[in-house]
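What follows is a short report on a single structure.
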Amino acid sequence: MDLDTPFFIFGLTTGVALTAAVQYFISAWTAAKTPHSKDSTPRDSVHHPDASPITSPDALPAIRRQSWNVPSFVAAEGTLPRLEREFTVSSHRLQTMVRHLVNEMKKGLAQDGHTLKMIPSYVISRPTGFETGSYFALDLGGSNFRVCLVILEGQGRTRVRQTKHIVSDELKTGSGEALFDFFAECISKFLQELGLDPSEARSLGFTFSFPIEQHAINSGTLMQWNKGFSATGVLKADVVELLNKALKKARINVKVTALVNDTVGTLISHAYRDPQTYVGVIFGTGTNAAYVERIEEIPKWTGPIPPTKEMVINTEWGAYDEASVLPITSFDRDLDRASTNPRKQIFEKMISGMYLGEIVRYVLLDLISTGELFKGRSSQTLTTPYQFETAYMSRIERDHSLELSDTKAVLEDILGLQATTVQDRRIVKHVCELVGIRAARLSAAGVAAIVTKMNRLDACTVAVDGSVFQNYPHFANRMRDALRELLGIMAENIVLEQARDGSGEGAALIAALHGHD
Ligand code: GLC
178 MDLDTPFFIF GLTTGVALTA AVQYFISAWT AAKTPHSKDS TPRDSVHHPD ASPITSPDAL
238 PAIRRQSWNV PSFVAAEGTL PRLEREFTVS SHRLQTMVRH LVNEMKKGLA QDGHTLKMIP
298 SYVISRPTGF ETGSYFALDL GGSNFRVCLV ILEGQGRTRV RQTKHIVSDE LKTGSGEALF
358 DFFAECISKF LQELGLDPSE ARSLGFTFSF PIEQHAINSG TLMQWNKGFS ATGVLKADVV
418 ELLNKALKKA RINVKVTALV NDTVGTLISH AYRDPQTYVG VIFGTGTNAA YVERIEEIPK
478 WTGPIPPTKE MVINTEWGAY DEASVLPITS FDRDLDRAST NPRKQIFEKM ISGMYLGEIV
538 RYVLLDLIST GELFKGRSSQ TLTTPYQFET AYMSRIERDH SLELSDTKAV LEDILGLQAT
598 TVQDRRIVKH VCELVGIRAA RLSAAGVAAI VTKMNRLDAC TVAVDGSVFQ NYPHFANRMR
658 DALRELLGIM AENIVLEQAR DGSGEGAALI AALHGHD
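With the sequence shown counted from 1, adding 177 to any position gets you this note's numbering.
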């Protein structure tokens with residue numbers, strides 16, 4: 178049951194207009210009594226008022242006011258209701274989006290040059306679960322680079338040893354040569370740590386999570402940087418060749434046998450345990466999905482027909498940008514304009530961990546400029562781009578304390594805002610909710626489009642990885658709620674499951690499956 182439900186029922190049955198102070202104390206008291214309350218359909222349903230199965234139209238005004246969980250004199254007029262309207266994604270809009278996405282997927286499968294790149298990954302088989310052996314894997318996803326040794330033990334069991342390195346902004350935006358030399362250096366250290374001789378021949382799977390046009394299972398050129406990367410000399414180059422060059426320079430005898438997107442790795446590693454897995458999704462720094470497509474559904478594929486008659490497709494859905502369908506706000510536009518890749522990756526910028534906090538930051542600055550927040554006063558940190566991290570949204574959404582004390586800590590101790598009031602904090606929390614709910618609902622539309630395109634509404638496991646799915650409170654449940662709205666009873670057949678290190682294990686498995694191609 179939703180944490181505010183007692184209050185809502187009370188409001189409906191008595192029909193009495195409560196004073197702002199009473200509303201505040203009752204909802205705060207209820208929140209404090211239920212610190213671990215589950216994210217539930219009723220609360221999230223207020224953000225899509227045309228979701229008829231969930232709530233009756235008569236109930237809406239009461240639910241909407243209650244949903245803000247701020248004194249009604251604040252929510253009654255001004256910017257906040259406008260924000261709620263702008264960030265709300267109705268069921269109807271989500272349905273339209275699913276239909277449109279399915280069409281875009283078809284276009285991308287037919288021909289290159291469409292918004293959804295629908296890249297054939299050259300991965301043509303899924304594991305049986307019996308694969309065994311030791312493989313090296315590299316994983317460049319966003320802010321981290323990992324070197325892993327994956328031991329496939331069979332029966333879906335694996336063991337992993339790994340080292341993790343932060344990729345600095347200098348490396349992300351410097352020269353490609355420096356970036357790949359850094360990778361080689363990390364591999365060299367890892368081999369040393371394991372006491373392994375670098376001159377001994379080894380093979381590895383390379384997870385490189387950017388749009389790559391694959392030319393073979395172990396070759397592909399970078400089509401575009403994103404997620405804050407812009408290293409020079411990599412665009413249009415074969416990233417495997419760049420890595421080989423750096424490895425040779427560092428005298429490391431390793432051969433790249435598979436070049437893999439993280440979504441493809443996630444799908445394959447989960448399929449090692451669960452054969453019903455046909456989709457791999459990442460909600461992390463960026464967002465993307467891969468799925469198993471029948472070869473006859475890929476008209477642009479001109480290569481040999483694989484014996485399995487299927488191919489994993491990397492959709493690169495982060496590039497989806499249909500302005501007539503996506504609920505793009507002025508804040509999204511501002512964020513996009515100021516980003517390193519303007520007019521690109523619009524869907525990603527509304528969903529993924531790199532951007533959610535930044536959207537909230539834009540909204541808060543707007544509320545400050547109208548004097549609705551923090552008495553119109555900002556701080557240096559809040560005015561600095563990307564300083565409101567998505568991790569802070571998670572903390573704030575998880576804060577059910579009476580005074581929103583953890584929210585206070587984030588705002589005052591980290592962001593340097595002075596003497597925030599409880600009302601300020603409640604507003605900030607609701608902005609986070611609006612942005613977080615929108616992200617989860619758009620994500621669900623993406624998943625619904627893929628299972629619809631595959632025609633697998635009867636049974637499909639969707640392996641999901643990434644910091645947003647793992648750590649953002651309620652994200653998974655909000656997605657499930659939206660899937661129910663979109664697919665009705667069939668949503669029960671679509672199982673969203675947390676994947677385990679798809680990028681490392683998946684690359685190793687693909688190296689194992691395709692090492693001899
Ligand atoms: C970006 C990349 C994509 C990757 C995703 C998640 O969208 O373009 O290849 O899968 O981030 O890491």
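Think of the CB as a built atom: it goes at the ideal place given N, C-alpha and C, for glycine as much as any other residue.
Please read all numbers here as calculations on a predicted model, not as lab measurements.
Of all the options the options, which has the alpha carbon lying nearest to the alpha carbon of residue i?
| i | options | result |
| --- | --- | --- |
| Val456 | Ser446, Leu594, Lys426 | Ser446 |
| Pro476 | Phe646, Met282, Leu581, Ile666 | Met282 |
| Glu370 | Gln272, Thr340, Glu390, Thr440 | Thr340 |
| Gln595 | Tyr539, Lys552, Arg514 | Lys552 |
| Leu634 | Val624, Gly643, Ala640 | Val624 |
| Val437 | Leu512, Leu579, Ser352, Gly397 | Gly397 |
| Phe508 | Ala617, Val612, Lys630, His291 | Val612 |
| Ile536 | Tyr497, Arg615, Met488, Thr584 | Arg615 |
| Met631 | Val279, Ala355, Glu493 | Val279 |
| Ala408 | Glu377, Thr350, Asp439, Thr335 | Thr350 |
| Lys432 | Arg657, Lys526, Ile627, Leu315 | Leu315 |
| Ala757 | Gly643, Gly353, Pro481 | Past the edges of the chain, shown from 178 to 694, lies residue 757, and the structure says nothing about it. |
| Glu470 | Pro562, Thr485, Thr464, Ile459 | Thr485 |
| Thr443 | Glu473, Ala414, Phe385 | Phe385 |
In angstroms with no decimal places, state the Cα-to-Cα distance between residue i and residue j.
| i | j | result |
| --- | --- | --- |
| Thr462 | Ile301 | 27 Å |
| Arg538 | Met531 | 12 Å |
| Met667 | Ser556 | 48 Å |
| Thr560 | Arg661 | 39 Å |
| Ala448 | Glu669 | 19 Å |
| Asp590 | Ser546 | 22 Å |
| Glu574 | Lys606 | 6 Å |
| Leu286 | Thr629 | 15 Å |
| Val266 | Leu619 | 8 Å |
| Gln675 | Gln453 | 14 Å |
| Arg655 | Glu610 | 11 Å |
| Val441 | Gly405 | 22 Å |
| Leu424 | Thr597 | 53 Å |
| Ala689 | Ser376 | 21 Å |
| Asp358 | Ile389 | 20 Å |
| Lys413 | Val337 | 32 Å |
| Gly495 | Gly534 | 17 Å |
| Tyr569 | Pro504 | 23 Å |
| Ala252 | Asp543 | Caution applies to Ala252, whose pLDDT of 45 falls short of 50 and renders its modelled position unreliable; the model cannot decide the point. |
Please classify residue i: is it buried, with 16 or more other beta-carbons within 10 angstroms of its beta-carbon, or exposed?
| i | result |
| --- | --- |
| Gln243 | Residue placement at Gln243 cannot be trusted, given a pLDDT of 33 that sits under 50; what the coordinates show is reported in the next sentence. The residue in question, Gln243, is buried, as its Cβ has 16 or more Cβ neighbours within 10 Å. |
| Gln522 | buried |
| Glu347 | exposed |
| Lys426 | exposed |
| Asn430 | exposed |
| Arg602 | buried |
| Phe307 | exposed |
| Thr479 | exposed |
| Arg554 | exposed |
| Gly319 | buried |
| Ile343 | exposed |
| His651 | buried |
| Asp374 | exposed |
I need the DSSP call for residue i, collapsed to helix, strand or coil.
| i | result |
| --- | --- |
| Met274 | helix |
| Gly351 | coil |
| Leu544 | helix |
| Thr462 | coil |
| Glu566 | coil |
| Arg450 | coil |
| Ala640 | strand |
| Val708 | Lying outside 178 to 694, the shown extent of the chain, residue 708 is not represented and no answer is given. |
| Ser298 | coil |
| Arg572 | helix |
| Gln675 | strand |
| Thr335 | strand |
| Ile343 | strand |
| Thr232 | Only weak support is given to the placement of Thr232: the predicted model assigns it a pLDDT of 27, under 50, and the value that follows is read from those uncertain coordinates. Looking at Thr232 - three-state DSSP - the assignment turns out to be coil, as it is neither helix nor strand. |
| Ser680 | helix |
| Leu611 | helix |
| Gly397 | strand |
| Asn670 | helix |
| Asp439 | helix |
| Phe406 | coil |
| Gly372 | coil |
| Asp583 | helix |
| Glu662 | helix |
So that I know if they touch, is there some Cβ in chain C lying closer than 8 Å to that of residue i?
| i | result |
| --- | --- |
| Gln595 | Annotation note: the requested chain C is absent from the structure, which comprises a single protein chain. |
Item to check | Touching by the beta-carbon criterion (3+ pairs, under 8 Å), the stretch 359–367 and the stretch 318–331 | outcome: yes
Checklist entry - Can you find at least 3 beta carbon pairs, one from the stretch 287–297 and one from the stretch 488–498, that sit closer than 8 Å? => result yes
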